[in-house]
Each structure stands twice: as C-alpha cells, then as structure tokens.
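Residue numbers (my numbering): -8 to 151. Ideal placement from N, C-alpha and C gives every residue a C-beta, glycine not left out. Nothing here was measured: the structure is a model prediction, and the numbers come from that model. Accompanying notes for the structure given below.
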Amino acid sequence: MSVYDFSIPLPNGEDNITLSNYKGKYILIVNVASKCRFNAQLFELQSLYSIYKDHLIIIGIPCNQFGNQEPLPNKDIVQFYKAAFGIEFPLSQISIVNGKNELPIYTFLKNEKRGLLGTKGIKWNFEKFLINKEGEVIARYSTNVTPTTIAKKLEKIIEV
-8 MSVYDFSIPL
2 PNGEDNITLS
12 NYKGKYILIV
22 NVASKCRFNA
32 QLFELQSLYS
42 IYKDHLIIIG
52 IPCNQFGNQE
62 PLPNKDIVQF
72 YKAAFGIEFP
82 LSQISIVNGK
92 NELPIYTFLK
102 NEKRGLLGTK
112 GIKWNFEKFL
122 INKEGEVIAR
132 YSTNVTPTTI
142 AKKLEKIIEV
C-alpha cells in the first residue's frame, strides 16, 4: 500500500482529492483549524504553496478534534479559508485524524512516520506529513515546526 492508494473527501462530500494525481510531486498533508492559535501557519503554508506549486501540493485537512477550533460547516470551508487566509491549495471536508473514525490516510501516515517518542496519535492542529515524489512519507513535523522551517528543507531536496 502507498499514499497513492488514498483519496480524501472534498467539502462538497461528493468529490475527492485523489493522491495518485500527484505522483512526481512532493505532498504536504496538514490538519488545520481556522480558530486555532497556530492559524498564522495558514499564511505560511500558502506562501510555501505559491513558491513551490510546480513541485509541491499542500492538502489542508480541517479538523475539529482539538479544542473545537474548526466551527465552520463543510459548505463554508473553502470560501472562508480563501477570504481569511488567501488559501489556494486544496482543502478536504472536516475530518477526524485520531480514533476509530479517522480518515484512512491518517491511519497510513501515522503508521509510516511516528511522532516524538514513537507516538502515533496526532497531538494538535497543524501537524504535518511530508511525502516525497515516490510517495514515501519522509518526515512528520509537530505543530511547533513552522512551514517556513519546512521550506528550508524543501529548498535542499526540490530540484528547481
């Protein structure tokens, strides 16, 4: 099984983000929340996407599991994130990232790359997984690792 075997539901509930469409690109998957105190990372994520969009796709996964910090209904997600944060990269429907009803991609990601001290669970909003062009999960970043810090790693590995 690889990351390319997964799809992620869009906010409309009818369509999906099909990860196999991004073969040959780096993928950064991030659980996001509009009301989280770390939401300034959304601006950094958009900047990263704008700079590297020929080589990198960012997928935001809105999640309300941590402090109920994603109060928006699915129908308003894309419009709000675009207006408030300038987001142009794809966003999924509001999803669960821990527990028995978690998105299948999160089960896969957490098994491929454990967190600090070998933990599997997502600890908070804005935890990030970086996938290389071959579909391998190469890094997992905690909430405190900013997209600007990740950009420094991308500069070294992306052949621009």
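Could you say if the region 70 to 84 and the region 39 to 49 meet the contact criterion of at least three C-beta pairs nearer than 8 Å? yes
Output the distance between the C-alpha atoms of Lys119 and Asp6, rounded to the nearest integer angstrom. Distance between the alpha carbons of Lys119 and Asp6: 23 Å.
Nonlocal neighbours in the same chain, by C-beta distance under 6 Å from Asn142, ignoring five residues either side: What sits at residue 142 in the sequence shown is Ala, not Asn. Within the same chain, Ala142 has close Cβ partners Leu39.
Note down, one range per segment and in chain order, each beta strand (DSSP E) of at least 3 residues found wholly within the region 1 to 67. Fully enclosed beta strand (DSSP E) runs of no fewer than 3 residues occupy 7 to 9, 17 to 23 and 47 to 53 of the region 1 to 67, in order along the chain.
Give the range of the alpha helix (DSSP H) segment to which Lys119 is assigned. Taken as a continuous stretch (DSSP letters only), Lys119 belongs to no alpha helix (DSSP H), being part of the beta strand (DSSP E) at Lys119 to Ile122.
Assuming Gln60 and Pro138 are in contact, meaning their beta carbons sit under 8 Å apart, how far apart are those beta carbons, in whole angstroms? About 18 Å; that fails the 8 Å criterion.
If you follow the beta strand (DSSP E) that Ile129 is part of, which residue opens it and which one closes it? Val128 to Tyr132
Nearest neighbour of Asp(-4), chosen from Arg105, Glu125 and Gly112 [CA to CA]: Glu125
List the DSSP bridge partners of Leu94. Looking at the DSSP assignment, Leu94 forms no beta bridge with any residue, so it has no partner.
Measuring CA to CA, which of Ala74, Ile20, Ile149 and Gly109 is closest to Ser83? Ile20
Where does the unbroken alpha helix (DSSP H) through Thr139 begin, and where does it stop? Start and end: Pro138 to Ile148.
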